[in-house]
Structures are given as structure tokens and as C-alpha cells.
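Per the numbering used here, residue 74 is the first one in the sequence shown, and the count goes up by one each step.
Read through the structure below, which is laid out as C-alpha cells, and then see the notes.
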Amino acid sequence: AARCAEAEREEAERAAALDARYEELIGRAEQALAEAGRDLAEAEESARRRQDEARDRTAELVAEARARAERIARETERVLREHGERWDEVQDQISSSRGRLGTLTGRGVE
74 AARCAEAERE
84 EAERAAALDA
94 RYEELIGRAE
104 QALAEAGRDL
114 AEAEESARRR
124 QDEARDRTAE
134 LVAEARARAE
144 RIARETERVL
154 REHGERWDEV
164 QDQISSSRGR
174 LGTLTGRGVE
């Protein structure tokens, strides 16, 4: 009977030790899970911030590109207008020169 009681006591000690180890492991797992949850929340917030920053930067770049395109269009229009004016001046000079040549030579210049 004493050996049986000793065996039962040892079995109870082993069961208690296993229960304690199980509780310790559960506690560690719960801590790890909580930490992983915090890490996930931080990562999600960081991803949201980065996406917002990227969206803002994209809007800035698009606005800058539009402004640059408008400046280029205005500059192109100005250059074309100046070239057109210069073309008209050159054509007037050519016409005038032809007229003078025709007058000097006594014949019409085509």
C-alpha cells in the first residue's frame, strides 16, 4: 500500500509538473501571440502611412508634371508665334527685294 501511495504521489507530482509546464508554455504562446498582434498592427499602420505618403507624393508629382506641361505649352506657343512673326518679316523683305530687283532690272520678278 505504501508503494502504491508513493507511486500515486509521484504520478501526482509529474502531473503537477506537466500542468505547470503546460501553463508556462501557454503563457509564453499567449505573450508571443500578443506581441505578434502588436507587430501586425504596427506593420498595418506603417503600410497605411506609406500608402498615404505615396498617394500624396503621386499627387504632387502629377501636379508638378501638369504645371511643367503647361509651361512647355506656353513656351512652345511663344516660340511658334515669334517664328511666325519672323517668317512674316522675312517674307515681306523677300517681296520687297523682288520688287526692287524688278524695278532695277526693268522686268517683273516672279
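All C-beta atoms, glycine included, are put in the ideal place defined by N, C-alpha and C.
Give the secondary structure of residue i by DSSP, where H, G and I count as helix, E and B as strand, and everything else as coil.
i: glycine 179; result: coil
i: alanine 75; result: helix
Residue ranges of each alpha helix (DSSP H) within the segment 78-150, 4 or longer:
none
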